[in-house]
Structure formats: C-alpha cells, structure tokens
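Visitor:
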Amino acid sequence: MVADLTADQRSLRELTRDVLSARASESVVRDAMASPSGLDETLWQQMAQLGLCGLAVPTGYGGAGCGPAEIALVMRELGRTLAPVPYFSTVALAQSVVLQSRDDSAWERLLPDLAAGRRGAAVALVEPSWTWDPHSVQTTASEEHSAKWRLTGTKTFVVDGATADVILLAAETPSGVGLFEVDAGAPGVTRTALRGIDQTRRLATIDLADAPAHRIGGHDAGRDILGRALLLANVYLAAESVGATESVLSHAVAYAKTRKQFGRYIGAFQAIKHKCADMHVDFETARCTLEHAVSVVAPDTGEDAVIAAATCAALCHETFLRCAAENIQIHGGIGFTWEHHAHLYYKRAQGNRVLLGDDVHHRRILAESLGLLL
C-alpha cells in the first residue's frame, strides 16, 4: 500500500475489487444487516478460498507470508463497499495479535484455521471502564494447573464477538497482564449482542465467569503483544476509512453530475463545487498519511511506527466522518433516508472513529511519543 505498488500488489487490489464488486453490492450488505449474524458467509468463504484471509500468515501455516501493505490494500477495498465479512476482527486484529505473540504453539493451534476461514476470531479490548489502554485491565486470570487458566471479567464493544469461534483478550495475572485464548463456546462464557449505530458491523459484550483459557506468550507479555498488534490494527482500520472516504467522494461527485436543480446540474453551483473539492483534498491527505504509516509499520513497530500509526488513526477517521457527512449534504433530503446508502457510510464513520480509540486517545499517544506531555 505504497504509492508505487508492485505488480503482485496491483493484482491483489484488482482481485479484491472484482470480487467485492460482484459479491458485496448494497443489497448484499442490507441482507446481511437483516440477518442474525450480520455476515455474508458465502462471500467470506470465497475470500478465504482466494487466499485473502491468510495474506499475513506464514507459508508454513497455510498463508501467503505477506505483510501489512497487503492487508491494508484489502482493508481499503473492503471500506469501499462495507462488505459484511469478519475480515477486520479475524485478520486485521486477531491474526495480528497471534502473530505478534511469537508463540509457536498458538500459531500451530490457531493460524491454519484462521487463514482458511474455518474459524473466526475476535479480540476483546475494551472493558466497562471504557479505555483502550492495554495497561487498564480489570479481567482477572487464575492458574488452575500447568497451562490451564480461569478468567473472570467483562469485555464490551467486541467486534464480531457474538459470532467468533475464538476470543483473544488480556487479563491480570499474579505476575502481570497476560494474553489469553478462550473458546467462545466454553462454559462460563456469555455473549450478548449489542445494538450499535453501525448495523453493518456487529458488536457484543462478553462476560467471563471462571471460563477456561489458554495463555498465549509469556507470563506478563499481554501489554507488549497487544501494543504491537494495535499499531498494525489502527493502520488497517485507517485503510478501511480511506477506502470508504474514496467511495463517498465518488458517490458525491457522481450525484452532483446527474442531479438537476433550477434547471442546472447541482455540480455547477459554487457551494457544491467547494464541497467536492474539499472532500477531494481531505481524501488525498488521508491517503498519503495512510501510505506513509504503512511504509513505516511494515518493517518496524518502534517509536516511528507509534507516531505514524497514531497520526494515521487520528486523521483518517475524522476525514471519513467529515466526508460522509458532506456526502449526505450533497445528496440533500434523500441522503438522510433509510433507503439511501449514504447513511450507511456515515454510521460506519461514527463507529470507526472510536473503535480502537477516539481522536483524543490517538493524539495523546502522539503527544507522548513526541515528548509534548509533561
């Protein structure tokens, strides 16, 4: 996802775009919204068969061994259509967590099924205290015997938490914060679907009452693993917002060229011209910021990556929200209606801007990294 894509990356982008154009129309999205799961399993399996679900997974575990640039490319295309698949939860989040754990047994146990689309996974980050800080963990873990643990606590706003097969989460242990894997169907696990503003992305609350779990990584490695994984996940989510911004810009311009008012196409009016021009500038700024972030986090998760990811997350989601709102304005009264797709993008924008931390959270991380906070 750099300015000069390789031939393989261009092919990947075109393949993903073609599949989603054919299989993720607005009617498909709305059908999924009305379904119990909120997902299109047929599309998900097709993406898995094409290898899109295992791009970042090492070849020895059934994947393609690619990097963040390829995941960001797919996420950007998914944002263009709001495709109803658990790609963000399973690939962008869960696979990143597992890969960053560098735990061979977890890789063998989880990655082949996740890469093949046989299982879905969710990462439970937020607790009722409503903080995205991996240091603020109230869920507790007690060791039952060697390699067996029991977890108690609550996680909320878990993306695809009601449909995932595996839940990954951090919990406080006597030796520090650890990372754990919980079978979603295990005793002591209660999942409650939430009704959020964005019906195209389902959320859930997960209550754990002495639920059995496997630990992933070292005794107190949970914070470090989640920290590295969230750097990548924030860039991936920003890529989705950039793709969606591109889509709403395209919709706004197309409508301005065809809608007539007072005997003229509305695109001829100065106010509409200015709105479309501002949206274009916003989109290009977000796109360049994203491409820089991808180029930085691909080889490294150090301080430069923290700055790039925080900048990208703070800017791209705000840009998406602003452009989605302008798209509704350009469409006029019809843009507010349930029947029109403009409101779907606006609701996704509202969700994305707080899903992994709001703009204040990301700007605080940026300020701390730059030494601007005392």
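All residue numbers for the sequence shown refer to the numbering used here, where the first residue is 1 and numbers rise by one. C-beta: ideal position from N, C-alpha, C; glycine also.
The alpha helix (DSSP H) with Cys107 in it runs from where to where?
Guide: Note that residue 107 is Trp in the sequence shown here, rather than Cys. That run of the alpha helix (DSSP H) goes 104 to 116.
Visitor: Would you decide whether Ile197 is buried or exposed? Buried here means 16 or more other CB atoms lie within 10 Å of its CB.
Guide: Flag for Ile197 reads exposed.
Visitor: Verify whether the separation of the beta carbon atoms of Leu125 and Pro84 is less than 8 Å.
Guide: No, these two residues do not count as a Cβ contact at 8 Å.
Visitor: Going by DSSP, what residue range makes up the beta strand (DSSP E) through Glu339?
Guide: Segment: none, Glu339 is in no beta strand (DSSP E) and carries neither H nor E.
Visitor: Here's the rule I'm using: 16 or more other beta-carbon atoms within 10 Å means buried, otherwise exposed. How should Gly176 be labelled?
Guide: With fewer than 16 other Cβ atoms within 10 Å, it is exposed.
Visitor: In this structure, how does DSSP classify Gly67 when only helix, strand and coil are distinguished?
Guide: Reduced to three states, the DSSP call for Gly67 is coil.
Visitor: Can you have a look at Ser101 and say buried or exposed, based on whether 16 or more other CB atoms are within 10 angstroms of its CB?
Guide: By the 10 Å Cβ count, Ser101 comes out buried.
Visitor: With the cut-off set at 8 Å, would you say Val182 and Ala213 are in Cβ contact?
Guide: Result yes, Cβ atoms of Val182 and Ala213 sit closer than 8 Å.
Visitor: Is the CB-CB distance between Leu151 and Ala171 below 8 Å?
Guide: Yes, the pair counts as a contact, with Cβ atoms nearer than the cut-off.
Visitor: Got a sec? Which residues, its chain only, sit under 6 Å from His317 by beta carbon, not counting five neighbours each side?
Guide: Closer than 6 Å at the Cβ level, and outside the excluded window around His317, lie Ser241, Asn352, Arg353.
Visitor: Please state whether DSSP places Ala325 in a helix, a strand or coil.
Guide: In this structure, Ala325 counts as helix in the three-state DSSP scheme.
Visitor: Check for me: the beta strand (DSSP E) holding Glu144 runs from which residue to which?
Guide: Counting along the chain, the beta strand (DSSP E) containing Glu144 begins and ends at 140 to 145.
Visitor: State the Cα-Cα distance for the pair Pro68 and Ser105, rounded to the nearest angstrom.
Guide: Pro68 and Ser105: Cα-Cα distance of roughly 23 Å.
Visitor: Classify Ala34: buried if its beta carbon has 16 or more other beta carbons within 10 angstroms, exposed otherwise.
Guide: Under this definition Ala34 is an exposed residue.
Visitor: Can you list, in chain order, the residues of its chain whose CB lies under 6 Å from that of Leu310, leaving out five sequence neighbours each side?
Guide: Position check: residue 310 holds Ala in this sequence, whereas Leu was assumed. His362, Ile365, Leu366, listed in sequence order.
Visitor: Cα separation between Leu110 and Ala24?
Guide: So the two alpha carbons sit approximately 27 Å from each other.
Visitor: Report the residue from Gln261, Asp31, Cys312, Gly63 whose alpha carbon sits nearest the alpha carbon of Leu230.
Guide: It is Cys312.
Visitor: Pick helix, strand or coil for Ala164, following the three-state DSSP scheme.
Guide: Coil at Ala164, not helix or strand.
Visitor: Going by Cα to Cα distance, which pick from Ala211, Trp107, Arg191 is closest to Glu143?
Guide: The shortest Cα separation from Glu143 among Ala211, Trp107, Arg191 belongs to Ala211.
Visitor: Whose C-alpha, out of Ala271, Leu370, Arg322, Gly117, is nearest the C-alpha of Val166?
Guide: If we check each option's Cα against that of Val166, Gly117 comes out closest.
Visitor: Check this for me: beta carbons of Ala115 and Ala94, under 8 Å apart or not?
Guide: No; because the gap between Cβ atoms is not below 8 Å, this pair is not in contact.
Visitor: If I follow the unbroken alpha helix (DSSP H) through Trp130, where does it start and stop?
Guide: Element bounds for Trp130: n/a, residue is neither H nor E.
Visitor: What are the boundary residues of the alpha helix (DSSP H) that Gly178 is part of?
Guide: Premise fails: Gly178 lies in the beta strand (DSSP E), 176 to 183, not in any alpha helix (DSSP H).
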